[in-house]
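> Structure incoming, see below.
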Amino acid sequence: MLSLLANDAPFAPANRLSPVLDRLFEGVAARGWPTRGPALWESTDAVHFEMDVPGATEQDVDIAIHGDELIVCGERKVRGRSGDDRSFGRFETRAALPCGVDADRVEATLANGVLSITCPKSEAAKPRKIALKSA
Numbered sequence: 011m012l013s014l015l016a017n018d019a020p021f022a023p024a025n026r027l028s029p030v031l032d033r034l035f036e037g038v039a040a041r042g043w044p045t046r047g048p049a050l051w052e053s054t055d056a057v058h059f060e061m062d063v064p065g066a067t068e069q070d071v072d073i074a075i076h077g078d079e080l081i082v083c084g085e086r087k088v089r090g091r092s093g094d095d096r097s098f099g100r101f102e103t104r105a106a107l108p109c110g111v112d113a114d115r116v117e118a119t120l121a122n123g124v125l126s127i128t129c130p131k132s133e134a135a136k137p138r139k140i141a142l143k144s145a
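Throughout the sequence shown, residue numbering follows the numbering used here, covering 11 to 145 in sequence.
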């Protein structure tokens, strides 16, 4: 029976593949598993942005509008617990705003690991109905 277990010839191809798979996923473990990307959409009155930031607090995230760009950056801090393999470090996301927004009225909330930002459109960017006159 021992001689049957010692013969690993049927498993040789899998054994050669193991180091290749280890190298392939080595980079993923270092960066952390990718999360869903941010969402940006436009309504009649505002531009909306949502991004997953699991474990982040209000103190960990900074939001800015620079010209026609929304900038979200922050840091996921190491908790220092044994066995905690979650990703950590700085992150930054930039999103081009599709129209002018009123930066003084932007609102942001963070709930259940989801950052939601509402950027009200500037009056000049809001759609207007144009009256049609007969000639």
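We put the CB at the ideal spot given by N, CA and C, even for glycine.
Leaving aside the five residues before and after I81 along the sequence, list all residues of the same chain whose C-beta is less than 6 Å from its C-beta, in chain order.
The sequence position of residue 81 within the sequence shown is 71, counting from 1. Excluding sequence neighbours, I81 sits near A74 and R104.
> By how many angstroms is the C-alpha of S144 removed from the C-alpha of P44?
Counting from one through the sequence shown, the residue named residue 44 turns up at place 34. Counting from one through the sequence shown, the residue named residue 144 turns up at place 134. For P44, the pLDDT reaches just 48, beneath the cut-off of 50, and the residue's location in the model is therefore unreliable, leaving the point undetermined.
> In angstroms, rounded to a whole number, what distance separates the CA positions of S126 and R26?
Counting from one through the sequence shown, the residue named residue 126 turns up at place 116. Counting from one through the sequence shown, the residue named residue 26 turns up at place 16. Roughly 47 Å between the two C-alpha positions.
> Starting from G84, trace the beta strand (DSSP E) in both directions and tell me its first and last residue.
What you label residue 84 is simply residue 74 of the sequence shown in a count that begins at 1. G84 -> beta strand (DSSP E) spans E79 to R86.
> Is the CB-CB distance between E133 and L107 below 9 Å?
On the sequence shown, position 123 is the one that residue 133 refers to. On the sequence shown, position 97 is the one that residue 107 refers to. Against a cut-off of 9 Å, the Cβ pair of L107 and E133 comes out as no contact.
> Do A56 and K131 have their beta-carbon atoms positioned less than 9 Å apart in this structure?
Stepping through the sequence shown from its first residue, residue 131 is reached at position 121. Stepping through the sequence shown from its first residue, residue 56 is reached at position 46. Cβ distance < 9 Å, so K131 and A56 count as in contact.
> According to DSSP, is R100 part of a helix, a strand, or is it coil?
Taking the sequence shown and counting its residues from 1, one reaches residue 100 at position 90. In this structure, R100 counts as strand in the three-state DSSP scheme.
> Where does D70 fall in DSSP's three states?
Mapped onto the sequence shown, residue 70 falls at position 60. Helix, per DSSP.
> Output the distance between the C-alpha atoms of T119 and E68, rounded to the nearest integer angstrom.
Stepping through the sequence shown from its first residue, residue 119 is reached at position 109. Stepping through the sequence shown from its first residue, residue 68 is reached at position 58. Near 9 Å, if we compare the C-alpha coordinates of E68 and T119.
> CB of K136 to nearest heavy atom of the ligand HEM: below 8 Å?
Among the components modelled here there is no ligand, and therefore nothing to report on the ligand HEM.
> Around the Cβ of G99, are there at least 16 other Cβ atoms within 10 angstroms (buried) or fewer (exposed)?
Looking up residue 99 in the sequence shown gives position 89. Under this definition G99 is an exposed residue.
> Is it buried or exposed for V124, if we count other Cβ within 10 angstroms and need 16 for buried?
Against the sequence shown, residue 124 aligns to sequence position 114. With fewer than 16 Cβ atoms within 10 Å of its Cβ, V124 is classed as exposed.
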